[in-house]
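Following: one structure in structure tokens, then a few remarks.
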Amino acid sequence: MKVSGFTIVRNGIKYFYPFREAILSILPICDELIVNVGNSEDNTLEVIKSIDSNKIKILNRTWDMSLRDGGKVLSIESNAALVKCSGDWCFYIQADEVLHEDNIHEIKAAMQIAEREGYTGIECGFYHHMIYPWLYQYIEPRVILMRTNCFSWKSSPSVHETPNLKGKIFHTGIKYHHYGYCRGQEEVFKRWKLYMEIDNNPHWYDGYDPNNIITDRLEVCQNLKGTHPKVVQETLERMFGGVVPFEVREVARFETVGTKVGVINAEIWNPSIMVEEVKRLMSVEEYEYIAICNDKYRNLAPMIGEFQGNVGMVKSQGVSLIKRGVFLQIGFPKNLEDAILHEGFSIKEV
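Quick note: the sequence shown uses our numbering, first residue 176, plus one each step.
The following block contains the structure:
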């Protein structure tokens, strides 16, 4: 069973991507690793060439940055790397993601099961680290290992590319680490603005106070209990060695079973419509909580004031969940479609 790893990177040094660590972390699993290096303004290519491994195959390309809308350029470049893969399985790692060495054996074991039982994809979850490496905002499931010829890369409405996969997925409890937003407050805000530019929304954050946005994110973080991959520990120490670690007060997390939840699909954002929808769902007695099923919670400020002090109609738990965005991408990605369809699903606190 041959495994082809692949990744894409452009201006990795300029934007503080731990791309070298990402590559090193999956090399023990891969028989070859295709790296699509876009035309960069820094020494990204030289750093990759300096990695001592004959498994790495570099693909030099000029990315068409005019194709930013809907993440199209990322889809094109991911597919460009994919077609160079010759393995039975493909392992996709983003340039700001790092696999823990403790999970290498588990990944290999999962691949054996998937091969034997006819799965076409293997799903892990990543810690979405936020600002500091000892905090994470949520754990997001993602299919990172796919059987060759059973998938292609599709455009996504965000900077996160997603596979178009055929067949059944083997769900594991393996977790790796996403460091894209782990770089201190000022740099995190720069990263968010960069992503909005890639998404062709360059004015998305105009008028926002970066400190308030970041504080809101910290309010929904959890404290990391485990360790970081060895390949990235030196980098994290260099970046955060002068910062005294602290713990945050963790808000409740939920999984599906138990209390009923009203669901709002915030794909199309309109504050006045959203306020009315929240009111409608809050009037349904069986719904004790409200979930916003998109990443639009950074725009919820207009509706929060609408509900504060209005305890008679709006249950306090609902206001808390809306304000903190607890349900966003925390344990629900596989269930959102059904939840929205049936307007309500069951949860329990964990």
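Yeah, the Cβ is synthetic: ideal placement off N, Cα and C, and Gly gets one too.
All values reported here derive from a predicted model rather than from experimental measurement.
With DSSP as the reference, label Ser491 as helix, strand or coil. Any reading at Ser491 must be qualified, since the residue scores a pLDDT of 27, below 50, and its modelled position is unreliable; no value is offered.
Could you tell me how far apart the beta carbons of Val363 and Ile306 are, in whole angstroms, since I believe they sit closer than 8 Å? 5 Å
Where does the unbroken alpha helix (DSSP H) through Asn254 begin, and where does it stop? Lys247 to Leu257
Just to confirm before moving on: does the CB-CB distance between Ile209 and Leu257 stay below 9 Å? yes
Can you tell me the Cα-Cα spacing of Tyr351 and Ser241, whole angstroms? 32 Å
Determine the burial state of Glu298: buried for a count of at least 16 other Cβ atoms within 10 Å of its Cβ, exposed for fewer. buried
Is the beta carbon of Cys325 closer than 9 Å to that of Thr295? yes
Should Val407 go down as buried or exposed, given a rule of 16 or more other Cβ atoms within 10 Å for buried? buried
Can you list, in chain order, the stretches of the alpha helix (DSSP H) that have 4 or more residues and sit fully within the region 270 to 316? 279 to 292
Given Glu216 as reference, the closest of Glu196, Leu340 and Trp238 once Cα atoms are compared: Trp238
Is Ile319 close to chain C? Criterion is C-beta to C-beta, closer than 9 Å. Absent from the structure: chain C. Only one protein chain is present.
Are there 16 or more other CB atoms within 10 angstroms of the CB of Ser228, so buried, or fewer, so exposed? exposed
Just to confirm, is the Cβ distance from Val273 to Gly359 under 9 Å? no
I need the DSSP call for Glu207, collapsed to helix, strand or coil. strand
So is Phe194 buried or exposed if we call it buried at 16+ other beta carbons inside 10 Å? buried
Could you check the C-alpha separation between Lys365 and Glu281 for me, to the nearest Å? 36 Å
Leu202 versus Gly382 - alpha carbon distance: 43 Å
If you reduce the DSSP assignment to three classes, tell me which class Phe191 lands in. coil
Arg392 - DSSP class collapsed to helix/strand/coil: helix
For Gly187 and Arg413, the rounded distance between their alpha carbons: 17 Å
Let me make sure I understand the geometry here. Which of Lys177, Tyr354 and His353 has the alpha-carbon closest to that of Asp263? Lys177
Please state whether the Cβ-Cβ distance between Ile183 and Leu249 is less than 9 Å. yes
Secondary structure at Arg424, three-state DSSP: helix, strand or coil? coil
Helix, strand or coil for Val419 per DSSP? coil
Exposed or buried, which one is Glu409 when buried takes at least 16 other CB atoms within 10 Å? exposed
Status (buried if at least 16 other CB within 10 Å, exposed otherwise) for Phe301: buried
For Ile223, the first and last residue of its enclosing alpha helix (DSSP H): Thr219 to Lys224
Helix, strand or coil for Asp470 per DSSP? In this predicted model, Asp470 has a pLDDT of only 41, less than 50, meaning its place in the structure is not dependable; the value taken from the coordinates is given anyway. DSSP places Asp470 in coil when its eight states are reduced to three.
Which term fits Cys396, buried or exposed, when burial requires 16 or more other beta carbons within 10 angstroms of its beta carbon? buried
Cβ shell of Lys148 (< 8 Å), same chain only, five flanking positions each side left out: Lying outside 176 to 525, the shown extent of the chain, residue 148 is not represented and no answer is given.
Output the distance between the C-alpha atoms of Asp206 and Asn398, rounded to the nearest integer angstrom. 35 Å
Kindly list the residues whose CB is nearer than 6 Å to the CB of Gly180, restricted to its own chain and excluding five residues on each side of it in sequence; keep chain order. Ile201, Cys205, Leu208 and Phe266
Tell me, to the nearest whole angstrom, how far the beta carbon of Ile268 is from that of Ile319; I am working on the premise that it is less than 8 Å. 7 Å
Inter-residue spacing [alpha-carbon to alpha-carbon] between Gln492 and Pro308: Bear in mind that the predicted position of Gln492 carries a pLDDT of just 32, short of 50, making it unreliable; the figure below should be weighed with that in mind. So the two alpha carbons sit approximately 29 Å from each other.
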